[in-house]
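This report concerns only the one structure given below.
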DNA sequence: TCAATCACG
DNA sequence: ACGTACGTGATTGAA
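Residue numbers (the numbering used here): 5 to 311.
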């Protein structure tokens, strides 16, 4: 196992950004930290959070986990419940492209990274090694961002030739995704914008630039924005549905945070079963696509263990 | 005031 | 031949 190396720079960042300021921001009246959610800041339709930003509370490093542990439910009778969409952006790509292989993997409930590795490396899912799954995961993520063979090579620390072979294999298996991506860029060139499933637009004035670097940037935006933006559409619809149902059932639990593909609730112990059912249903049924939306949920006393 | 670095999805 | 993975916010330190 590779140990997480905590450098002095990281400690300094954690202290100056979280450990020192957050305790001073606890509201004197209610004992809680309040963020602001901005609805008109991002290019894709995501929310952003500031003063303080509660969408970038640490979780990856060991010391960071200690910080996240400090976020707890409001009292004895309450727990934090975290509910996050599983692979929402890949499901959206699958649905928007209607790629038969990727749609099938999600419809059958397969582990998408293992399924991808099996296809790319011509193996059965059982034969896929950890490194192969990890490589497939990197490609799946890279696809969402319009990553090149060069970028994948750097990311995986392999040669450009090896990276190109993996990507070529990927598109041989998921050919309709390639068509979808090319089609999205072509449409962006004609229209000057791309749009999400709820028709929100992102304008791309540089999509026809004669400067290849500038144009390349806009092309990656064209690919990414409908995916990231549609995920934002879906969780926003879910939030409205959740709130409506919570009101209808007159619950005292509260929806307290949104972190892009995750909702966090402060749940009263007598409402746990109701909340689990209601939130799962609202999130999974926020939209109807050709692939199922699935959520994972956990309940705990603090945010680290609820995640 | 802004770029670099780091935190998150 | 070019550069090369999307979206944010906070802090720091140089200009």
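Built from N, CA and C at the ideal position, the CB exists for glycine as well. Only a predicted model underlies this, so the values are computations on that prediction, with no experimental measurement involved.
- As the crow flies, the alpha-carbon of residue 167 is around 21 Å from that of residue 128.
- For secondary structure counted as the beta strand (DSSP E) over 3 or more consecutive residues, the segment 200–259 holds these complete runs in sequence order: 205–207.
- Boundaries of the beta strand (DSSP E) around residue 89: 82–89.
- Less than 8 Å divides the Cβ of residue 207 from the Cβ of residue 196.
- Counting the other Cβ atoms within 10 Å of the Cβ of residue 122 gives 16 or more, which makes it buried.
- For residue 186, the enclosing alpha helix (DSSP H) begins and ends at 179–195.
- Inter-segment contact for the segment 285–295 and the segment 68–81 is absent: fewer than three beta-carbon pairs are separated by less than 8 Å.
- Cβ neighbours of residue 305 within its own chain (closer than 8 Å, five residues either side excluded): 76, 77, 83 and 84.
- Following the DSSP letters along the chain, one finds residue 147 inside the alpha helix (DSSP H) bounded by residues 134–149.
- 8 Å or more divides the Cβ of residue 50 from the Cβ of residue 297.
- Scanning its chain for C-beta atoms nearer than 8 Å, with the 5 sequence neighbours on each side dropped, one finds around residue 264 the residues 50, 51, 59, 235, 236 and 239, in chain order.
- Taking a cut-off of 8 Å on C-beta distances, the segment 210–230 touches the segment 144–151, as three or more cross pairs fall below it.
- When secondary structure is reduced to three states using DSSP, residue 262 falls in the strand class.
- Closest by C-alpha distance to residue 99, out of 181, 130 and 165, is 181.
- For residue 27 and residue 143, the gap between their C-alpha atoms comes out near 40 Å.
- Beyond the five residues adjoining it in sequence on each side, residue 273 comes within less than 6 Å, by CB distance, of 81 in the same chain, given in chain order.
- Nearest to residue 90 by C-alpha distance, out of 72, 110, 67 and 200, is 110.
- Rounded to whole angstroms, residue 65 and residue 173 show a C-alpha spacing of 34 Å.
- Annotated as distal: residue 198 and residue 190, with beta-carbon spacing of 8 Å or more.
- For the 8 Å CB-CB criterion, residue 153 and residue 164 form a contact.
- Looking at the backbone, the Cα of residue 270 and that of residue 257 are separated by about 6 Å.
- Just so you know, the alpha carbons of residue 309 and residue 88 end up roughly 14 Å apart.
- Looking from the CA of residue 93, the closest CA among 104, 105, 116 and 73 belongs to 116.
- Under DSSP, the beta-bridge partners assigned to residue 301 are 87.
- The bridge partners DSSP lists for residue 75 come to none.
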